[in-house]
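Note that the sequence shown covers residues 22 to 662 in the numbering used here.
Yeah, the Cβ is synthetic: ideal placement off N, Cα and C, and Gly gets one too.
Right, one structure below, let's go through it.
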Amino acid sequence: MGNARNIAFWLVLFLLILALFNLFSGSGGTLQSTQISYTEFVKAVEGDTVSRVTLDGEMVRFRGTDGQDYLTIKPEDAELTNLLLENDVPLTAEPQEQSGFQTFLMSLLPFLLLIGVWIYFMNRMQGGRGGGAMGFGKSKAKMLTEKHGRVTFDDVAGIDEAKEELEEIVEFLRNPQKFSRLGGKIPKGALLVGPPGTGKTLLARAIAGEAGVPFFTISGSDFVEMFVGVGASRVRDMFEQAKKNAPCIVFIDEIDAVGRHRGAGYGGGNDEREQTLNQLLVEMDGFEANEGVIIIAATNRKDVLDPALLRPGRFDRQITVPNPDIKGREKILAVHARKTPLGPDVDLRIIARGTPGFSGADLANLVNEAALMAARVGRRFVTMEDFENAKDKVMMGAERRSMVLTDDQKEKTAYHEAGHAVVGLTLPKCDPVYKATIIPRGGALGMVVSLPEIDRLNWHKSECEQKLAMTMAGKAAEIIKYGPDDVSNGPAGDIQQASGLARAMVLRWGMSDKVGNVDYEQAHEGYMGNAAGGFSISAHTKELIEEEVKRLIDEAYERAHSILTERKDDWERLAQGLLEYETLTGEEIERVIRGEPPHSDDDDGGSPEKDETPSLTAVPKTKPKSSPGTGDGGLEPEPTT
22 MGNARNIAFW LVLFLLILAL FNLFSGSGGT LQSTQISYTE FVKAVEGDTV SRVTLDGEMV
82 RFRGTDGQDY LTIKPEDAEL TNLLLENDVP LTAEPQEQSG FQTFLMSLLP FLLLIGVWIY
142 FMNRMQGGRG GGAMGFGKSK AKMLTEKHGR VTFDDVAGID EAKEELEEIV EFLRNPQKFS
202 RLGGKIPKGA LLVGPPGTGK TLLARAIAGE AGVPFFTISG SDFVEMFVGV GASRVRDMFE
262 QAKKNAPCIV FIDEIDAVGR HRGAGYGGGN DEREQTLNQL LVEMDGFEAN EGVIIIAATN
322 RKDVLDPALL RPGRFDRQIT VPNPDIKGRE KILAVHARKT PLGPDVDLRI IARGTPGFSG
382 ADLANLVNEA ALMAARVGRR FVTMEDFENA KDKVMMGAER RSMVLTDDQK EKTAYHEAGH
442 AVVGLTLPKC DPVYKATIIP RGGALGMVVS LPEIDRLNWH KSECEQKLAM TMAGKAAEII
502 KYGPDDVSNG PAGDIQQASG LARAMVLRWG MSDKVGNVDY EQAHEGYMGN AAGGFSISAH
562 TKELIEEEVK RLIDEAYERA HSILTERKDD WERLAQGLLE YETLTGEEIE RVIRGEPPHS
622 DDDDGGSPEK DETPSLTAVP KTKPKSSPGT GDGGLEPEPT T
């Protein structure tokens, strides 16, 4: 769009210059004519030395028989026409031009047009209605209206505590006397903090729909510009607009883009972002009061925000918006399933129980994927099987049944995944195994997923150690089966997960007696430029940390190796079961290990077909998506040559 405007501008400018050139060149012939007296002109006519005459008002232009052009001025009472006719001189008359002030204006018109077009295009190119540097300093805040799709608190579920705090702000705006008679003041700001996808922006939209006051929305990155001073100018302009519409609400999404620690960036503490933050701090609670303007901001990086931004008087309330628990997930599913016809076998509580760690956005995506899968096969409503398939797709990725695998690759995948499952079932504090598959999904050739029976709120050392053992069981299985010289790159994902969990245990959680109860993660982040206040670590401490991380992973590997050696028969049966059935649920895995068929005789279908998906009601052992070290322990695709 900007390039098109530039081209149009230069094209119009070129045409105007060309018109001016033609204007001046058109009068060039007049300047080249020789001016003579009227008496000489009359003598020339009478002497038959004039070949052509042109009358232009008082001006007489003629060409002599010698080929030259001449110019003279006719007296008012001269009877020139009769003289020319009597001497048979060809006569031409031109319309008389405007004179005086009108002629002066006409001569200025091209210049005025050029200046006007220049101002117009410059204004359009800067996107401005004036202000700052041709519009750069204008705020990009947008006012929401009913036309933008009204959202109310009825559309928000699963985060009741956060909703109650914000409902009080709406009540403040609707009925301020209820609180002011007791000396209460309306909060100046509320900061919504939580992981991505938990509904922070949705809460802000609900406030806009409920409050009935002007609602401005802007992103933190909209303040940042390459020109110095523009961000601060936009902050000033935004608050000027808000004060004119007070009482009103201003919502700043992703405020960490402009509210990071001062003094930690480049530019010696005098960069554009810090100037913008300083202006924001002054406008929120400075020398001049801004009554009736409530600031609501959202971020998932509260740790990087400047402390001056978080104090009461700027953000009076810091509202945590966490991932929902099982009751919250059930309510969220009910909200998103309002417009989706559900089959009689759908139980939202069972779905909520099988989706620990899911955010509101994940659950909305789950319902949408289930509806798409039902529509794909032509159903009139969404069944539990659709939710099961959608859940597998969201958690594990889409199936890649068209991927060509050799028998050797399938066998290695089966033994690898069977190792994960057997160790996970053996260790009591591992999350229950939900499903094992050797069908390629996403970027993995196979996968074992485990889910906790209840929402996990914290991790204990023994649980972490057992989780490490389950994660390293894939590599142990490959080495036991094929020997150390034939191990593949399949355990690469397992090693990455195990390393992340072991580092968290040592660096952040104080689960290593040798390293002690010191948060070394902060030092690492500080030196990487991600946070302020990093401190130095001695070479001895770095070596100690590396030794402890390696020790935890090595012990977990040895533990998994020992379990698979002891339960080799169970492991072999499960691997063969995976090769035969490809996908097994937690209950089916236990039956296969006992030497029984995956389905009992009471089940509908006997042995499941390879394309059949087990029911979600067979509750699994799985881990939360957001937990440390959470992953599938699956094989990564082998590199192709």
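For residue i, the three-state DSSP class (helix, strand or coil)
i	result
Ser557	coil
Ile94	strand
Cys485	helix
Ile38	helix
Gln517	helix
Thr60	helix
Thr75	strand
Asp274	strand
Met493	helix
Gly511	coil
Gly252	helix
Val138	helix
Gly445	helix
Lys431	helix
Leu130	helix
With 16 other Cβ atoms within 10 Å as the buried cut-off, status of residue i
i	result
Ser128	exposed
Lys184	buried
Leu32	exposed
Gly49	In this prediction, Gly49 has a pLDDT of 43, which is less than 50 and means its spatial position is unreliable; what the coordinates show is noted afterwards. Result: exposed.
Glu312	exposed
Phe693	Because the chain here runs from 22 to 662, residue 693 falls outside it and cannot be looked at.
Lys571	exposed
Ala560	exposed
Lys535	exposed
Ile140	exposed
Met424	exposed
Pro512	buried
Thr86	exposed
Gly137	exposed
Arg295	With the sequence shown as reference, residue 295 is identified as Glu, and Arg is not the correct amino acid for it. Per the 10 Å Cβ criterion, buried.
Cutoff 8 Å; reference residue i; Cβ partners in own chain excluding five residues on either side
i	result
Ala519	Leu489, Thr492, Met493, Ile574, Ala577, Gly650
Pro645	Bear in mind that a pLDDT of 35 at Pro645, under 50, signals an unreliable position, so the number given afterwards is only what the model happens to contain. Pro377, Gly378, Leu472, Pro473, Asp476, Arg477, Thr651, listed in sequence order.
Arg615	none
His582	Ala497, Ile500, Ile501
Lys431	Ile459, Leu600
Ala435	Ile459, Gly467, Ala596, Gln597, Leu599, Leu600
Val539	Gly531
Lys352	Ala178, Gly179, Pro345
Cβ shell of residue i (< 6 Å), same chain only, five flanking positions each side left out
i	result
Val234	Leu194, Pro268, Cys269
Ala278	Gly241, Ser242
Ile315	Ile270
Ile94	Glu79
Tyr541	Leu528
Residue from the options with nearest C-alpha to residue i
i	options	result
Leu448	Thr361, Leu585, Asn321	Leu585
Leu426	Lys265, Cys451, Arg462	Arg462
Gly537	Gln430, Ile566, Gly514	Ile566
Met305	Leu330, Arg322, Asn321, His282	Leu330
Glu617	Leu600, Glu603, Arg594, Tyr541	Arg594
Ala65	His582, Glu79, Asp90	Asp90
Thr222	Leu203, Thr173, Lys206, Arg202	Thr173
Leu104	Val613, Val71, Leu302	Val71
Ile207	Arg84, Lys433, Gly334	Gly334
Glu564	Leu528, Asp181, Glu579, Ile228	Leu528
His437	Asp337, Ala465, Thr297, Val63	Ala465
Thr55	Phe83, Leu130, Asn266	Phe83
Leu76	Thr86, Pro96, Glu67	Pro96
Residues near residue i in its chain [Cβ-Cβ closer than 7 Å; skip 5 each side]
i	result
Val454	Ala442, Gly445, Leu446, Val469, Ser471, Gly607, Ile610, Pro641, Lys642
Glu390	Ala411, Lys414, Val415
Gly88	none
Val403	Thr361, Pro362, Leu363, Gly364, Val367, Ala391, Ala392, Ala395
Val356	Asp176, Ala178
Asp515	Thr492, Met493, Gly495, Lys496, Gly654
Ala225	Phe272, Ile317, Ala319
Val388	Leu354, His357, Ala358, Thr361
Glu231	Thr173, Phe174, Val191
Residue i Cβ short of 6 Å to the ligand ATP heavy atom set
i	result
Gly241	Among the ligands in the structure shown, none appear at all, so the ligand ATP cannot be discussed.
- Query: Quick one: complete alpha helix (DSSP H) runs, 4+ long, within the segment 304-362?
  - Reply: 328-331, 347-357
- Query: Going along the chain, which unbroken runs of the alpha helix (DSSP H) with 4 or more residues stay wholly within the segment 357-409?
  - Reply: 369-374, 381-397, all fully within the segment 357-409.
- Message: What ranges does the beta strand (DSSP E) occupy inside the segment 570-622, keeping only unbroken runs of at least 3 residues that lie completely in it?
- Response: 604-606
- Message: My parser needs the alpha helix (DSSP H) runs of 4 or more residues fully inside the segment 173-248; what are they?
- Response: 181-195, 198-201, 221-232
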